[in-house]
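Trainee:
Protein chains: 2
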Amino acid sequence: MDKMFDYTLYLVTDRGLMSTEILETAVEKAIEGGVTMVQLREKEASSREFYDQSVRIKKITDRYGVPLIVNDRIDIALAIGADGVHIGQSDLPAAVARTIIGREMLLGVSASSLSEALQAQLDGADYLGVGAMFHTGTKQEAQIVSMEKLLRIRQTVRIPVVAIGGIDRGNAASFRKAKIDGLAVVSAIISQPDIKDAAEELKRLFLEGVTV
Amino acid sequence: MDKMFDYTLYLVTDRGLMSTEILETAVEKAIEGGVTMVQLREKEASSREFYDQSVRIKKITDRYGVPLIVNDRIDIALAIGADGVHIGQSDLPAAVARTIIGREMLLGVSASSLSEALQAQLDGADYLGVGAMFHTGTKQEAQIVSMEKLLRIRQTVRIPVVAIGGIDRGNAASFRKAKIDGLAVVSAIISQPDIKDAAEELKRLFLEGVTV
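Line by line, the protein sequences are chains V and P.
Under the numbering used here, the first sequence has 66 at position 64, and the numbering climbs by one with no breaks.
Under the numbering used here, the second sequence has 58 at position 56, and the numbering climbs by one with no breaks.
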């Protein structure tokens, strides 16, 4: 990966948590509010539904020049010409994912421990999604990562690190000290009555530590 | 596709319907009974579970020289170096699937009408899975294809045709007259107490029209 990515505010979608019924609307508002990357996550839909949805979302992200990452489904990422894929620990092995996508496509990997982080880097990950930082409704079974562990991972790996899991306006500013590359957010953007405002505030809190 | 495939008895897996707890055992017995192709279908497992399962099954199909096809998940087919993918009408569009897998990998497409069959052929399908021929517990919502429609599809397309859906020892011989290339079978093999015997009988019924 020679291309540079801006991980500052990384929106991860979840259709079950949306404050609007239309994902395209939510994504567009989030981008207008300052989201720098978008990851499409869809665990319930059929492959065709996920594909069709991805095609529609890519038109929006392309228009704004925002990278689009597909969660888990490498075939759909390849099919729509996404900028990358994000792989969890229960998805394909990261090293296998890398062989399928080649060098040009971004590979993100979820990690909840230092050993997973180091393994992911070794397997060819371009960035890490570290979490869950807090308990969350999105992934209730997720293992919690302490701020100390996040710092340790950040100090150990050389690839970009994004924190994920329960990040919202109440804690976003606390991540400034971790010197990570960005925050990945689901409900604190997509479930909010004003998606654009929510994204703007989170970005400001992370970058400047000040509340509106 | 220049390679020749033998579609005569095409096993489609379903872990929920198995008479044994171990899929590898079931597949191996089915191959010993005369199964000529295997399709791994897995709608419930995580990507990692499906991948791990596919790797294990491929060791068996490779040992017997039987082609292995992956249902829906093109990424997993690419990851394990499967012989092909099988795409249903709610999976990725067949033409898109073809662009991802290239020319060398087999592309099977499900069709339940003449128009779907012709479209699939146009989109680059190497063979068709036509059905459901009968009501089945595996896909209860499936549209039923009459024997007349199967004959019509067989007479219209130039690619191999396999019938699927509720095919068992009671009706396998009736497909001889359709001059199709094979029968795709789920529960009539995988749910049987003696998987090898069941496969042998189905093959004989389809090829010779005689019961054991």
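Positions of the beta carbon are idealized from the N, C-alpha and C atoms, including for glycine.
Leaving aside the five residues before and after glycine 83 (chain V) along the sequence, list all residues of the same chain whose C-beta is less than 8 Å from its C-beta, in chain order.
Mentor: Here the question's residue 83 (chain V) lines up with position 81 in the first sequence. Excluding residues within five positions, the ones whose Cβ falls inside 8 Å are Lys60.
Trainee: What does histidine 137 (chain V) pair with, by DSSP beta-bridge criteria?
Mentor: Here residue 137 (chain V) is taken as the residue at index 135 of the first sequence, counted from 1. According to DSSP, histidine 137 (chain V) bridges with nothing at all.
Trainee: Helix, strand or coil for alanine 119 (chain P), going by three-state DSSP, please let me know.
Mentor: Here residue 119 (chain P) refers to the residue found at position 117 of the second sequence. The answer is helix: DSSP assigns alanine 119 (chain P) an H, G or I state.
Trainee: For tyrosine 9 (chain V), which of helix, strand or coil comes out of DSSP?
Mentor: Reading the first sequence from its first residue, position 7 is the one you call residue 9 (chain V). DSSP places tyrosine 9 (chain V) in coil when its eight states are reduced to three.
Trainee: Distance check for glutamate 203 (chain P) and valine 214 (chain P), CA to CA, integer angstroms please.
Mentor: What you label residue 214 (chain P) is simply residue 212 of the second sequence in a count that begins at 1. What you label residue 203 (chain P) is simply residue 201 of the second sequence in a count that begins at 1. Unreliable placement is indicated for valine 214 (chain P), whose pLDDT of 46 sits below 50; the coordinate value is still reported in the next sentence. About 7 Å.
Trainee: Name the residue from P:Ile169, P:Ala127, P:Ala186 whose alpha carbon lies nearest to the alpha carbon of valine 159 (chain P).
Mentor: Within the second sequence, numbered from 1, the residue matching residue 159 (chain P) stands at position 157. Checked all of P:Ile169, P:Ala127, P:Ala186; the closest Cα to valine 159 (chain P) is P:Ala127.
Trainee: Give the residues from the region 88-102 of chain V that approach chain P closer than 9 Å (Cβ to any Cβ), ordered along the chain.
Mentor: Residues passing the 9 Å Cβ filter: Ile89, Gly90, Gln91, Ser92, Asp93, Leu94, Pro95, Val98, Ala99, Thr101, Ile102.
Trainee: For the region 7-40 of chain V, list every residue whose C-beta sits within 7 Å of some C-beta in chain P, in sequence order.
Mentor: Listed in sequence order: no entries.
Trainee: Whole angstroms is fine: what's the gap from alanine 190 (chain V)'s alpha carbon to isoleucine 197 (chain V)'s?
Mentor: By one-based count along the first sequence, residue 190 (chain V) stands at place 188. By one-based count along the first sequence, residue 197 (chain V) stands at place 195. Cα to Cα, the separation comes out at about 9 Å.
Trainee: CB-CB under 6 Å to arginine 58 (chain P), same chain, minus the five flanking residues each way: which ones, in chain order?
Mentor: As a working note, residue 58 (chain P) is residue 56 in the second sequence. Correct list, in chain order: Glu26.
Trainee: Take the Cβ of isoleucine 24 (chain P) as the centre, count every other Cβ of all protein chains shown within 10 Å, and call the residue buried at 16 or more, exposed below.
Mentor: The sequence position of residue 24 (chain P) within the second sequence is 22, counting from 1. With fewer than 16 other Cβ atoms within 10 Å, it is exposed.
Trainee: Taking 9 Å as the CB-CB cut-off, is isoleucine 76 (chain V) touching chain P?
Mentor: Within the first sequence, residue 76 (chain V) is the residue found at index 74, counting from 1. It does; some Cβ of chain P falls within 9 Å.
Trainee: With 16 as the cutoff for other CB atoms within 10 Å, does alanine 200 (chain P) come out buried or exposed?
Mentor: What you label residue 200 (chain P) is simply residue 198 of the second sequence in a count that begins at 1. Buried, because 16 or more other Cβ atoms sit within 10 Å of the Cβ of alanine 200 (chain P).
Trainee: Excluding the five sequence neighbours on either side, which residues of its own chain have a C-beta within less than 7 Å of the C-beta of aspartate 93 (chain P), listed in chain order?
Mentor: Here the question's residue 93 (chain P) lines up with position 91 in the second sequence. So the list reads Asp74, once near-sequence residues are dropped.
Trainee: Go ahead and label histidine 88 (chain V) buried or exposed: buried means 16 or more other beta carbons lie within 10 angstroms of its beta carbon, across all protein chains shown.
Mentor: The residue labelled residue 88 (chain V) in the question sits at position 86 within the first sequence. Under this definition histidine 88 (chain V) is a buried residue.
Trainee: For proline 162 (chain V), I'd like the list of residues in its chain whose CB is within less than 6 Å of its CB, leaving aside the five on either flank, ordered along the chain.
Mentor: The residue labelled residue 162 (chain V) in the question sits at position 160 within the first sequence. Once the five neighbours on either side are set aside, the close Cβ partners of proline 162 (chain V) are Tyr9, Tyr129, Asp183.
Trainee: Glutamate 203 (chain P) CB to nearest chain V CB: under 9 Å?
Mentor: Here residue 203 (chain P) corresponds to residue number 201 of the second sequence, with the count starting at 1. Answer no: the Cβ-Cβ gap between glutamate 203 (chain P) and chain V never drops below 9 Å.
Trainee: Among V:Leu209, V:Arg100, V:Ile166, V:Leu13, which residue has its Cα nearest to the Cα of aspartate 77 (chain V)?
Mentor: Counted from its first residue, the first sequence places residue 77 (chain V) at position 75. The residue with the shortest Cα to Cα distance from aspartate 77 (chain V) is V:Arg100.
Trainee: Interface residues of chain V around arginine 50 (chain P) at Cβ under 7 Å?
Mentor: The residue given as residue 50 (chain P) occupies position 48 in the second sequence. Within chain V, the residues near arginine 50 (chain P) are Ser92, Asp93, Leu94.
Trainee: Apart from the five residues on each side of it in sequence, which residues of its chain come closer than 6 Å, Cβ to Cβ, to alanine 113 (chain V)?
Mentor: Locating residue 113 (chain V) in the first sequence gives position 111, where the first residue counts as 1. Contacts found: Ala119, Ala122, Leu130, Val132.
Trainee: Indicate the three-state DSSP secondary structure (helix, strand or coil) for valine 214 (chain V) in the structure shown.
Mentor: What you label residue 214 (chain V) is simply residue 212 of the first sequence in a count that begins at 1. Confidence at valine 214 (chain V) is low in this model, with a pLDDT of 46, below 50, so the placement of that residue is unreliable and no value is reported for it.
Trainee: DSSP on methionine 149 (chain V), reduced to helix/strand/coil?
Mentor: If you number the first sequence from 1, residue 149 (chain V) lands on position 147. Helix.
Trainee: Determine the direct distance from the alpha carbon of isoleucine 155 (chain V) to that of serine 117 (chain V), and round the result to whole angstroms.
Mentor: As a first step, residue 117 (chain V) is located in the first sequence; it is residue number 115 there, counting from the start. As a first step, residue 155 (chain V) is located in the first sequence; it is residue number 153 there, counting from the start. Each residue's alpha carbon lies about 9 Å from the other.
Trainee: Does DSSP classify serine 48 (chain P) as helix, strand or coil?
Mentor: Mapped onto the second sequence, residue 48 (chain P) falls at position 46. Coil, per DSSP.
Trainee: Tell me glycine 104 (chain V)'s beta-bridge partners as DSSP assigns them.
Mentor: For the purposes of this step, residue 104 (chain V) is taken as residue 102 along the first sequence, with counting starting at 1. In DSSP, glycine 104 (chain V) forms no bridge with anything.
Trainee: Whose CA, out of P:Gly67, P:Ala96, P:Ala97, P:Val164, lies closest to the CA of aspartate 85 (chain P)?
Mentor: Taking the first residue of the second sequence as position 1, residue 85 (chain P) is located at position 83. If we check each option's Cα against that of aspartate 85 (chain P), P:Gly67 comes out closest.
Trainee: Tell me which residues of the region 127-138 of chain V have at least one Cβ-Cβ distance to chain P shorter than 7 Å, keeping chain order.
Mentor: The residues in question: there are none.
Trainee: Counting only Cβ pairs nearer than 8 Å, list the residues of chain P close to leucine 80 (chain V).
Mentor: Position 78 of the first sequence, counted from the first residue, corresponds to residue 80 (chain V). Within chain P, the residues near leucine 80 (chain V) are Ile76, Asp77, Ile102.
Trainee: Within the same chain, show all residues whose beta-carbon is closer than 8 Å to that of methionine 20 (chain V), passing over the 5 residues directly before and after it, in chain order.
Mentor: As a working note, residue 20 (chain V) is residue 18 in the first sequence. For methionine 20 (chain V), where only same-chain residues beyond five positions count, the Cβ hits under 8 Å are Ala28, Ile192, Ser193.
Trainee: Give the single residue among P:Val188, P:Ala174, P:Val187, P:Leu124 whose Cα lies nearest to the Cα of glutamate 210 (chain P).
Mentor: As a position in the second sequence, residue 210 (chain P) is number 208, starting the count at 1. Glutamate 210 (chain P) has its Cα closest to that of P:Ala174, out of P:Val188, P:Ala174, P:Val187, P:Leu124.
Trainee: When the Cα atoms are used, what is the spatial distance from arginine 50 (chain P) to leucine 80 (chain V)?
Mentor: Translated into the one-based positions of the second sequence, residue 50 (chain P) becomes position 48. Translated into the one-based positions of the first sequence, residue 80 (chain V) becomes position 78. Straight-line Cα distance between these residues: approximately 18 Å.
Trainee: I want to see whether chain V comes within less than 9 Å of tyrosine 53 (chain P), judged by CB atoms only; does it?
Mentor: Along the second sequence, one-based indexing puts residue 53 (chain P) at 51. Judged by the 9 Å Cβ criterion, tyrosine 53 (chain P) is in contact with chain V.
Trainee: Could you give the residue range of the beta strand (DSSP E) that holds isoleucine 71 (chain P)?
Mentor: As a working note, residue 71 (chain P) is residue 69 in the second sequence. Taken as a continuous stretch (DSSP letters only), the beta strand (DSSP E) holding isoleucine 71 (chain P) covers 70-73.
Trainee: Can you have a look at lysine 181 (chain V) and say buried or exposed, based on whether 16 or more other CB atoms are within 10 angstroms of its CB?
Mentor: Working through the first sequence from its first residue, we reach residue 181 (chain V) at position 179. Counting Cβ neighbours within 10 Å, lysine 181 (chain V) comes out exposed, since fewer than 16 surround it.
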